[in-house]
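First up is the structure itself, then whatever we jot down about it.
Residue numbers (the numbering used here): 4 to 149.
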């Protein structure tokens with residue numbers, strides 16, 4: 004399986020603009036810029052690579068965990084996963100992604116908290132996006148909603 008996205012950028016970093024389009028059409032010429040990457044004059048932020056990475060990580064993790072729970076005989080009724088991607092200044096200039104912190108609340112009838120947490124930890128390590136992010140810190144805070 005291969006998935007693709009296209010980014011078109013015009014101009015220099017701080018005054019240029021770009022747009023992102025995904026193969027699925029979920030994003031179609033979605034604008035982004037240096038200013039909206041953080042915050043524009045109106046206080047609004049636009050999409051950015053880090054936000055898209057967080058969405059990919061949360062979605063992949065939730066799907067992986069759902070599969071693993073079903074395989075264990077305790078399918079999830081609901082999983083709410085959130086990923087927070089941290090970007091920090093890099094020694095020598097520039098920036099780097101240093102962490103993706105997953106937070107999870109799950110409603111899983113019939114699952115014990117211990118089994119749920121163990122399966123969530125395994126899903127964190129095995130989802131394809133987590134594997135791709137192997138060079139950064141990946142954390143997980145999970146709770147089982149009764």
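Every residue gets a Cβ at the ideal spot worked out from N, C-alpha and C, and that includes glycine. Everything numeric in this text was worked out from a predicted model, so none of it was measured.
Item                                                                                                              : Value
For residue 81, the three-state DSSP class (helix, strand or coil)                                                : strand
Alpha helix (DSSP H) segments (min. 4 residues) lying fully within the segment 14-80                              : 37-41 and 52-74
CB of residue 89 within 7 angstroms of CB of residue 101, strictly                                                : yes
Cβ pair count under 8 angstroms reaching 3, the segment 47-63 against the segment 123-137                         : yes
Candidates 109, 5 and 55, of which the one nearest residue 87 by Cα                                               : 55
Backbone CA spacing between residue 27 and residue 8 [nearest angstrom]                                           : 9 angstroms
Residue 136 (DSSP reduced to helix, strand or coil)                                                               : coil
Cβ-based burial, residue 67 [other Cβ within 10 Å; buried from 16]                                                : buried
Bridge partner(s) assigned by DSSP for residue 91                                                                 : 99
Beta-carbon spacing of residue 147, residue 127 below 7 angstroms                                                 : no
Extent of the continuous alpha helix (DSSP H) run through residue 125                                             : 116-129
Outcome for residue 11 when other beta-carbon atoms lying within 10 angstroms are tallied against a minimum of 16 : exposed
Integer Cβ distance of residue 34 from residue 20, believed to fall under 8 angstroms                             : 6 angstroms
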